[in-house]
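Numbering that gives the first Met the number 0 numbers the first residue of the sequence shown as 0 and each following residue consecutively.
Structure, as structure tokens:
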Amino acid sequence: MRSFKHINARTVGEASALLKKYKGKAMLNAGGTELLSTLKGEYLLNYPEAVINIKTLPGLDYIKEERGMLKIGALTKLSDIARSSLLRESCRALVDATCSVATPQIRNAATIGGNLCQDVRCWYYRYPDHIGGRILCLRKGGKICNALTGDHRYHSIFGAASVAVYPCSSNCPAHTDIPSFLNRMSNGNLMEAARVLLDFNPMPAITGRVCPIFCEPECYRSEFDEPVAIRCVERSLGDRILERMNEFFTPPKAKSGRNIAIIGSGPAGLTAAYTLRRSGNRITVFEKCREAGGMLLYSIPPYRLPKDVVGKQVQALKGMGIKFKVGVNVGKDITIVELMSRFDAVFLATGAWKERPLGIKGEKIGLSGLEFLNRVNSGSRDLPGKRVAVIGGGNVAMDVARTLLRLGGEPVVIYRRTQAEMPAFRDEVEKAKEEGIEFEFLTLPTEVSEAYGKITLKCVRMRLGSPDASGRPKPIPIKGSDFTSPFDAIIKAVGEEPDTSLLPATFRKKAQKASASAHWLGKNLFAGGDFVSGPSTVVQAVASGREAADLIERSLKGRQPPAQAGGIEPTVTSASLETTPRVRIPESPVSERIKGIEVEDTLGLGLSEIETEASRCFNCGCIAVSSSDIGIVLTALDAKIVTTKRTVDAQSFFTASATRSTLLDPDEVVKEIQIPKPRNGAQQKYLKYSLRTPIDFAIVSVASVITVEKGVCVDARIALGAVAPGPVRAKAAEEAIIGRPVDEHRAAEAAEQAMAGAQPLSMNAYKVEIAKALVKRAIMGSSIN
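Put into structure tokens, the structure is as follows:
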């Protein structure tokens, strides 16, 4: 073992203060049996700087009864619990569980608090550093739980613990709880999957079509075979949400009495409207165009985002009671100051529609890319010319070029760097090349001229130099490489910026300095979306709109935004661990999609296909099981754990994190266990299956407290151990016997119910049968008085 500082704490408070002082770099010694193996094995990434000894703290080793409550001090030794006449009479299951722990020698040192707080038992997690080096599993910063794709014979059959940030969710700008909605989809629970998704993103049918997929490149499934097609599942689920919009987009039951104005009906504005409406606010959206939808409707071409999808989305929001005032130009028809006086809050989300100039001679001859897309999306099918130069390498440039092609034009994309540096989405560039669109890379326009109805574009060839402020190689003109090309029209698409002219002067400067998210401009005026960040993606605007809504909620009378759903313990199935090809996303043939702008280039999937694809999700959790025999019994006994900060029920106590097997904070210490005295006649059982009795940890264990009167079960609490990251209440089994005669048939039926939610993996399905046998035995044992 390496050296460390050893400190004898004099009080529980001092122990807690020391833990806080060392900021997670200290460990408690409550008995020493667990600590010793940790220090010797050195399997954790960071060796403790200090060990704080609490074994000698006075007043924490007691067993007593007070007002019908059995109380056990956290430093009470397991051997004392095993010998306690009070517990033998009142909590026989606890005594039996204690006697099953390790050996008498260990029980003479181990404490009940230490048993509850012991680390998980997983050979990947506990692999000693001196034998080939520690294993960097998920709990220690690794990418995946090694047991998922390795040996998991003793691991969970009831899913995994969320011990690390999901890479897919953390890379999604909206922080969508992707594993939760995929989990529900894989189980065929479309309604619940939809509700989880809508908590983060009200327009999945839209983002499922146009999102650049921030999540999928981070999917750890790719290290096994291929990443989950998350966007495809989201799109198909989003389409079904819009088909049943009346079930999901409903008026709020509670009303706040507040009126909020949203200026702009793009993704940020619509998301803010949705989120604020759910909180009971009256929402009015002002849109200067004749239809609501903003850039979703007027900027993105219909072959990428059909107009009817945007229309359905707006219709769904109207169903919530959100009012839309279209054809109202804020800044001309009504001022922002007027809106601020009429509404409790005003959210400005007018996007970034102002074209950046090229800065070259004659550029006014050219057409704006956004202006061209606006015309087409408004119904025009007129070509500005046959051969058209599209200047730029971003998403607008790709949309312009591909739209021109579909209208019969011959676009040429001119970009000053190479394809590798293009800011446009990679798949959009690939599709443009697949469709035969011409690209001129390392080319910089320097002048535009027009004569006799023909436009001449003067350009210079470029070479790449050292990286500039953007991190990309700086394009440098090559002397003597100037050339000219004739075109019928030129469309500029070199970037956009927000137009702050509609703001009062007092707010304009603050808007120009705003951060790239939702922002408070002053008084009751807020801004977000592309108006603050500049050009971004739809999902980034969605995230900004939700952030703005939360900011507005907090500012209005200090009200907190509603909690988001999701957060269930992830499930893992054997199917997800099998090498399975990623679903092939159907696309329209190139020959078909270039015939017109109304032909959607990517198609959706059927319900069974997206359920199958969702089931490929690893859920990226830890499948190690809780090893505490005592914790299972305390769950069945409905016990409470008292700490230096709170009192929690036993089952909730075992909420795992990356560094802990319980919900304890780094500076939190267990003080006492409280057990309500079981009712008279209640039969308690603790049954444990292990390889060696009583030395080994449980492979499966069952604790039960069942009351049978006149042959009928009147009360039951059954808990399962070593089958999940924490204790599992077998509520379905309890319901199967309460109010019914207890016989072998009923017990067998309850045992089946106890395992109804189990999802065993390829190596641990045997645990299901063991658990059934133990549950049945516990129930049958309760009927014997």
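Note that the Cβ used here is the ideal one computed from N, Cα and C, for glycine as well.
As the structure is a prediction and not an experimental result, all values here were calculated from the model.
Do the CB positions of residue i and residue j come within less than 8 Å of each other?
i, j, result
"Lys676", "Gly67", "yes"
"Tyr153", "Asn763", "yes"
"Ala526", "Thr634", "no"
"Ile490", "Val387", "yes"
"Asp600", "Glu577", "no"
"Leu189", "Arg239", "yes"
"Ala702", "Ala729", "no"
"Leu73", "Gly112", "Looking at the sequence shown, residue 73 is not Leu but Ala. Yes, the pair counts as a contact, with Cβ atoms nearer than the cut-off."
"Ile631", "Val699", "no"
"Thr442", "Arg460", "yes"
In this structure, does DSSP put residue i in helix, strand or coil?
i, result
"Tyr273", "helix"
"His154", "coil"
"Gln752", "helix"
"Cys621", "strand"
"Glu437", "strand"
"Gly113", "helix"
"Gly680", "coil"
"Gly566", "At Gly566, the pLDDT of 46 sits below 50, so the modelled position is not reliable; the number obtained from the coordinates is stated separately. Three-state result, Gly566: coil."
"Tyr685", "strand"
"Glu446", "strand"
"Arg106", "helix"
"Ile259", "strand"
"Val164", "coil"
"Thr654", "coil"
"His744", "helix"
"Ile53", "coil"
Judging by CA-CA distance, which residue of the options is the nearest neighbour of residue i?
i, options, result
"Leu602", "Thr643, Glu233, Ser340, Lys457", "Glu233"
"Thr483", "Leu456, Ile477, Leu147", "Leu456"
"Leu382", "Gly393, Asn679, Glu370", "Glu370"
"Leu406", "Pro466, Tyr302, Tyr219, Ala635", "Tyr302"
"Pro410", "Leu196, Val395, Thr402", "Thr402"
"Phe323", "Ile282, Leu338, Val308", "Ile282"
"Cys621", "Tyr61, Pro580, Val119", "Val119"
"Gly292", "Met339, Ser689, Gly310", "Gly310"
"Pro580", "Val428, Lys139, Glu33, Glu225", "Glu225"
"Tyr219", "Arg728, Arg615, Asp332", "Arg615"
"Ala721", "Val11, Lys687, Thr692, Ala750", "Lys687"
"Lys76", "Arg87, Ala49, Leu69, Ala29", "Ala29"
"Ala81", "Ile629, Lys766, Ser689", "Ile629"
"Leu372", "Val647, Asp426, Ile596", "Ile596"
"Ser278", "Asn258, Gly268, Ala649", "Asn258"
How many Å lie between residue i and residue j at the Cα?
i, j, result
"Lys287", "Leu463", "43 Å"
"Ala746", "Cys90", "23 Å"
"Asn45", "Thr249", "51 Å"
"Ile229", "Cys214", "8 Å"
"Gly408", "Ala431", "13 Å"
"Gly788", "Ser543", "The question about residue 788 has no answer, for the chain in this structure spans 0 to 784."
"Ile778", "Met244", "46 Å"
"Pro203", "Gln314", "15 Å"
"Gly265", "Leu524", "18 Å"
"Pro724", "Arg583", "35 Å"
"Leu56", "Ala14", "10 Å"
"Ile390", "Asp664", "56 Å"
"Ile105", "Arg1", "23 Å"
"Leu555", "Gln418", "48 Å"
"Met184", "Ser155", "21 Å"
"Ala655", "Pro726", "11 Å"
"Gly680", "Lys775", "19 Å"
"Ile477", "Pro485", "21 Å"
"Ser535", "Asp529", "6 Å"
"Leu316", "Lys306", "16 Å"
"Lys331", "Tyr297", "21 Å"
"Val164", "Asp398", "35 Å"
"Val11", "Lys39", "26 Å"
"Lys709", "Gly320", "57 Å"
May I ask whether a heavy atom of the ligand PLP can be found less than 7 Å away from the beta carbon of residue i?
i, result
"Asn7", "The model on display carries no ligand, and the ligand PLP is accordingly not part of it."
Inter-stretch contact at 8 Å, needing at least 3 Cβ pairs: the stretch 737–755 / the stretch 699–714: With contact defined as three or more Cβ pairs closer than 8 Å, the stretch 737–755 and the stretch 699–714 are in contact.
Touch test, the stretch 93–101 against the stretch 607–623, Cβ-Cβ under 8 Å, three pairs minimum: With a cut-off of 8 Å on Cβ pairs, the stretch 93–101 is not in contact with the stretch 607–623, counting fewer than three such pairs.
Cβ pair count under 8 Å reaching 3, the stretch 116–133 against the stretch 652–671: Yes: at least three Cβ pairs fall under 8 Å.
Given 8 Å, three or more beta-carbon pairs between the stretch 459–474 and the stretch 497–504: no
Cβ contact (3+ pairs, closer than 8 Å) linking the stretch 166–173 and the stretch 533–548: With a cut-off of 8 Å, the stretch 533–548 and the stretch 166–173 count as touching, because enough Cβ pairs lie within range.
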